[in-house]
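Numbering (the working numbering), first residue to last: 2 to 328. Worksheet for the structure shown next.
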Amino acid sequence: MKIHFFERNPADGQVSIEKLFSVIKKELSRKGVAYSVFVNPFKLSEMLKTLMYFKKNQGEINHITGDIHWSSLALDSRKTLLTVHDLSGYYQHTGLKKKLYYLLWIYLPLKKLRYITVISEKTKKEISWLLPSVASKIKVIPNCITVDILPIKFKDFSKMKLLIVGTRENKNIEKVLEACKDLNIALSIVGRLNERQSRLLEDYQYDFSNYINISDEKLRELYDESNVLCFPSTYEGFGLPILEAQARNCMVITSDLSPMKDVAGKGALLVNPHHTEEIRNAVLRIANEEDLRRELVIRGQENVKNYTPDWVVEQYTELYKKILANK
2 MKIHFFERNP ADGQVSIEKL FSVIKKELSR KGVAYSVFVN PFKLSEMLKT
52 LMYFKKNQGE INHITGDIHW SSLALDSRKT LLTVHDLSGY YQHTGLKKKL
102 YYLLWIYLPL KKLRYITVIS EKTKKEISWL LPSVASKIKV IPNCITVDIL
152 PIKFKDFSKM KLLIVGTREN KNIEKVLEAC KDLNIALSIV GRLNERQSRL
202 LEDYQYDFSN YINISDEKLR ELYDESNVLC FPSTYEGFGL PILEAQARNC
252 MVITSDLSPM KDVAGKGALL VNPHHTEEIR NAVLRIANEE DLRRELVIRG
302 QENVKNYTPD WVVEQYTELY KKILANK
């Protein structure tokens, strides 16, 4: 068995898919499975060149790891697996761009392919609503944790150290900044700040540090140094920072929406991401309730055991075997 992975050329700072599949590939190697990786070297405007390049390099098992769904048009449908992470592009676009996205990222690839995986039930429901005829061939394989699980440790809480991972609109950082104003917290923010976010930080006189394009090692350090991840996102395909935080004994506040609430299990405080007061109350509860802090750390550690690389790779390997058998 040898897998040919086909990957996007990631945009600046957008490497979540690559980070996930680097762990998956490492686990495949540990199990003795061979693979090759083909990264799209062309721009989106050079789509035809990408299709030709991918077609030339297809193998006995092809796995498109995400985002470039349209590239499946160049590959053998009987030998190709596509992983869909989310449909954010569809919801972000309007008019002609939305129609093109539907055609090239949803309709044509998903109708053509025999094997499709998604990373959450939420993404499966979104696809099934837009294209009911493909629902029966979609399999949910969640993301795995991408950091080592630390032994349980209850961190010092003399001052709250709050971590925010991601600054795009869906990450809801403005609501967090509104919610936590006047609280005695140190804030670490991962991601490039826009003008409005920078202004709020200045207006509310936050003690904060901002990190852009950081290494995986630095991100692990931030999880280890922080005692709370505040992640009240309004839209995710999965929500990997939740698991990363839980694995590093960092308590989690996240949205009461799927898939975030499903990924978090019982190891997080859930809030309505649109209600500033709920976010603030969750932060204050953690600050004031020691028993709650201990419970969140323990339950978070229990939850991440459901998302190990070994288990996730087993799910993919079953599909790879089906492809080889042409089932």
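Ideal placement from N, C-alpha and C gives every residue a C-beta, glycine not left out. Because the structure is a prediction, the values reported are computed rather than measured.
Residue interval of the beta strand (DSSP E) (run including residue i)
i	result
T255	252-256
M161	161-166
K3	3-8
A248	First-last for A248: 241-248, but that is the alpha helix (DSSP H), not the beta strand (DSSP E).
I190	186-191
L45	That residue, L45, is in no beta strand (DSSP E); it is neither H nor E in DSSP.
I324	Segment 310-326 is the alpha helix (DSSP H) holding I324; no beta strand (DSSP E) there.
V141	139-141
As assigned by DSSP and simplified to three states, the class of residue i
i	result
L270	strand
N282	helix
D204	helix
H70	helix
T95	coil
I62	strand
S78	coil
T84	strand
K172	helix
T124	helix
T118	strand
N289	helix
V38	strand
N195	coil
N214	coil
is_contact[residue i, chain C] using C-beta, thresh 8 Å
i	result
G192	Protein chains in the displayed structure number just one, and chain C is not present.
Contacting residues, own chain, Cβ-Cβ under 7 Å from residue i (five flanking each side not counted)
i	result
I299	I153
G90	Y102, W106
V38	F6, E8
S227	K162, L163, L164, S189, C251
Residue i: first and last residue of the uninterrupted alpha helix (DSSP H) it sits in
i	result
K154	Per DSSP, K154 belongs to no alpha helix (DSSP H) and is neither H nor E.
F22	17-31
L230	No alpha helix (DSSP H) contains L230, which is instead part of the beta strand (DSSP E) from 229-232.
I146	Taken as a continuous stretch (DSSP letters only), I146 belongs to no alpha helix (DSSP H), as it is neither H nor E.
K219	217-226
V264	261-265
K112	109-113
Residues of its chain near residue i, where Cβ-Cβ distance is below 8 Å and the 5 sequence neighbours each way are ignored
i	result
D77	Q59, N63
K323	Y116
K98	none
S134	K112
L297	M252, V253, G268, A269, L270, I287
Nearest-angstrom beta carbon gap, residue j and residue i [assumed within contact, 8 Å]
i	j	result
I146	E245	7 Å
L223	S199	About 19 Å separates the two Cβ atoms, so there is no contact after all.
N173	S234	6 Å
V264	I287	Not a contact, Cβ separation roughly 19 Å.
G301	G268	3 Å
P310	I18	Wrong, their Cβ atoms sit about 15 Å apart, outside the cutoff.
Other residues of its chain near residue i: CB distance less than 6 Å, five sequence neighbours each side excluded
i	result
D225	R249
S87	The amino acid occupying residue 87 in the given sequence is Asp; Ser does not appear at that position. For D87, where only same-chain residues beyond five positions count, the Cβ hits under 6 Å are T124, G238.
F22	T66
Proximity test, residue i beta-carbon vs the ligand PLP heavy atom, cut-off 7 Å
i	result
N63	Absent from the structure shown: the ligand PLP. Ligands present: none.
Contact between the stretch 20-37 and the stretch 2-12 (3+ Cβ pairs under 8 Å): Judged by Cβ distances under 8 Å, the stretch 20-37 makes contact with the stretch 2-12, as three or more pairs qualify.
If we count Cβ pairs, one from each stretch, closer than 8 Å, do we get three or more for the stretch 132-150 versus the stretch 179-190? Taking 8 Å as the limit for Cβ pairs, the verdict is that the stretch 179-190 does not touch the stretch 132-150.
Any contact of the stretch 206-222 with the stretch 53-66, i.e. 3+ C-beta pairs under 8 Å? Because the criterion of three Cβ pairs below 8 Å is not met, the stretch 206-222 and the stretch 53-66 do not touch.
Does the contact criterion of 3 or more C-beta pairs under 8 Å hold for the stretch 273-283 versus the stretch 109-117? The stretch 273-283, when compared against the stretch 109-117, does not touch it at the 8 Å Cβ threshold.
May I ask you to verify whether the stretch 161-179 touches the stretch 279-289, counting CB pairs closer than 8 Å and requiring at least 3? The stretch 161-179, when compared against the stretch 279-289, does touch it at the 8 Å Cβ threshold.
Is it the case that the stretch 193-207 contacts the stretch 246-264, given that we only count it when at least three CB pairs across the two stretches are under 8 Å? No, the stretch 246-264 is not in contact with the stretch 193-207.
Does the stretch 44-52 come into contact with the stretch 289-309, if we say contact requires no fewer than three beta-carbon pairs (one atom in each stretch) closer than 8 Å? Contact between the stretch 44-52 and the stretch 289-309 is absent, with fewer than three C-beta pairs closer than 8 Å.
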